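Undergrad:
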Amino acid sequence: MTARGPSTQRGVVLLVVLFTTALLTLVVMEFTFATQVDHRRAAHWLQAEQARLLARSGIELGREILAQSPLVYSLLHGEAKVADSLAELWAGLCAPPGPNACPNEFADLCVIDTGAGRLALRITDESGLYNVNRLVRASHPAAERERSVFERIAAAAGVEPEVLGALADWVDADDRPFPFGRGAESSVYASRNPPYSPRNAPFETFGELALVAGLKPPDLVRLRRFVTVLDPSDTVTINVNTAPVELLAALDPAIGPLAAELVAQRCQRPFASVEDLRRRIPGWPHWLGERWIHVRSAWFRIRATAMVGEVRQSAEALVHREGDGIRVVYYVTRRGVVIPQAEEAQAFGLDEVAARASSESEMP
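When we follow our numbering, the leftmost residue of the sequence shown carries the number 20, and every step to the right adds one.
This is how it looks when you write it as structure tokens:
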């Protein structure tokens with residue numbers, strides 16, 4: 020039996036030392052990597068939480084702006100506000116419009132550098148849009164004008180007018196297919212996977228339109244500029260001072276030639292009443308009265324997107340003006356962008372704006 024010499028023993032010790040060193044190196048590397056991952060996760064969570072709170076602050080800022088708009092208007096114009104219009108603080112935000120301002124129906128995107136992050140804010144008037152819940156009456160044989168108006172609105176938005184049938188069937192109370200356009204009742208939705216039933220009652224949110232047969236995502240985007248979903252018992256008329264001029268032109272073909280004068284007149288001085296509109300716009304269709312139009316607004320949508328570091332969080336609220344207060348009807352938070360406009364992409368330096376964002380509802 021051959022005895023092991025000192026050199027052999029030193030070789031074994033060296034191997035043990037090398038193995039131990041390699042093992043410790045791997046452990047340290049794994050620990051360092053895990054620590055870095057945890058650090059990044061914590062930093063991302065902190066940025067996400069800061070962005071969420073900043074977006075929520077944007078909603079509260081929007082509510083305060085709406086509450087103070089009447090006072091600011093009276094200070095700027097030297098008279099009390101008798102109508103709601105685009106010449107108010109909420110329609111200008113970062114660049115409040117003066118007495119001679121002439122904005123369009125899209126309020127300029129306001130981007131605020133808060134120091135802790137950037138906040139993009141927009142307030143739009145939902146009372147200046149067509150309430151799709153008006154279609155609950157469209158199935159009545161005498162509602163030909165209601166049907167014609169919506170078909171023109173759909174055409175102006177670049178959507179097939181035949182969607183009228185499916186929309187009307189969704190909101191009416193019966194299960195009979197709508198006789199105009201492409202109707203869709205329970206049998207159509209029962210064949211889907213998974214199957215579901217039409218509400219047979221007024222829409223509750225605009226997003227619910229995505230469930231209606233025949234409506235595709237691009238259709239919803241196109242309709243959104245002209246259409247809203249509000250309580251049909253509260254608001255079914257359109258504010259002529261804030262409505263898109265294309266929407267007003269869709270109400271009656273006779274309004275098309277009057278569009279330029281209409282915009283100029285409401286820019287110079289908002290219409291104080293329907294009678295004031297008729298007096299200042301000769302040729303306004305006689306049938307378009309208080310059953311269709313008005314000059315006051317009670318419903319607004321506030322959208323806020325916050326960016327902290329590389330994290331974006333958004334919030335959206337539908338609010339209702341009640342006296343001097345602004346009540347939140349519903350509040351939704353989203354990861355990503357809630358202002359799908361080119362200006363937002365430019366403001367945040369984004370190459371593209373998220374078209375789909377996972378969302379979660381949160382009580383205010």
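Ideal Cβ placement from N, Cα and C applies to all residues, glycine included.
Predicted model, so just to flag it, every value in this text is computed and none were measured.
Under the three-state reduction of DSSP, which class applies to residue 341: helix, strand or coil?
TA: Strand.
Undergrad: Rounded to whole angstroms, what's the CA-CA distance from residue 85 to residue 341? Just pull it up for me.
TA: Cα-Cα distance, rounded: 11 Å.
Undergrad: Going by alpha carbons, who is nearest to residue 313 out of 150, 102, 135?
TA: Among 150, 102, 135, the Cα nearest to that of residue 313 is on 102.
Undergrad: Between the stretch 295-307 and the stretch 325-332, do at least 3 Cβ pairs fall closer than 8 Å?
TA: The stretch 295-307, when compared against the stretch 325-332, does not touch it at the 8 Å Cβ threshold.
Undergrad: Shortest alpha-carbon distance to residue 393 belongs to which of 154, 79, 239?
TA: Residue 393 lies beyond the stretch modelled for the chain, which goes from 20 to 383, so this question has no answer here.
Undergrad: With the cut-off set at 7 Å, would you say residue 141 and residue 345 are in Cβ contact?
TA: Not a contact, by the Cβ cut-off of 7 Å.
Undergrad: Below 7 Å between beta carbons: does that hold for residue 172 and residue 268?
TA: Cβ distance not < 7 Å, so residue 172 and residue 268 don't count as in contact.
Undergrad: Below 6 Å, is the gap between the Cβ of residue 305 and the nearest heavy atom of the ligand PLP?
TA: The model on display carries no ligand, and the ligand PLP is accordingly not part of it.
Undergrad: Scan the stretch 237-297 and note each continuous alpha helix (DSSP H) run of 4 residues or more that stays entirely inside, going in chain order.
TA: Complete alpha helix (DSSP H) runs here, min 4: 264-270, 278-287.
Undergrad: Reducing DSSP to helix, strand and coil, say where residue 100 ends up.
TA: The answer is coil: DSSP assigns residue 100 none of H, G, I, E or B.
Undergrad: Do residue 265 and residue 175 come within 7 Å of each other at the CB atom, strictly closer than that value?
TA: Contact flag set, yes.
Undergrad: Since residue 289 and residue 260 are thought to touch, with beta carbons under 8 Å apart, how far apart are those beta carbons, to the nearest angstrom?
TA: The Cβ separation is near 5 Å, so the contact holds.
Undergrad: Are there three or more Cβ pairs, one per stretch, closer than 8 Å when the stretch 65-73 is compared with the stretch 91-105?
TA: Short answer: they don't touch.
Undergrad: Which term fits residue 237, buried or exposed, when burial requires 16 or more other beta carbons within 10 angstroms of its beta carbon?
TA: Classification of residue 237: exposed, given that the 10 Å Cβ count is below 16.
Undergrad: So is residue 149 buried or exposed if we call it buried at 16+ other beta carbons inside 10 Å?
TA: Buried, by the Cβ-count rule.
Undergrad: Go to residue 137, then tell me how far its alpha helix (DSSP H) extends in each direction, as first and last residue.
TA: Residue 137 -> not in any alpha helix (DSSP H); beta strand (DSSP E) instead, spanning 137-144.
Undergrad: From this set, 143, 336, 258, which residue's C-alpha is nearest residue 353's C-alpha?
TA: The shortest C-alpha separation from residue 353 is found at 336.
Undergrad: Taking residue 172 as part of the alpha helix (DSSP H), name the residues at either end of that continuous run.
TA: First-last of the alpha helix (DSSP H) with residue 172: 163-176.
Undergrad: Report the residue from 330, 350, 349 whose alpha carbon sits nearest the alpha carbon of residue 64.
TA: Closest option to residue 64, Cα to Cα, is 330.
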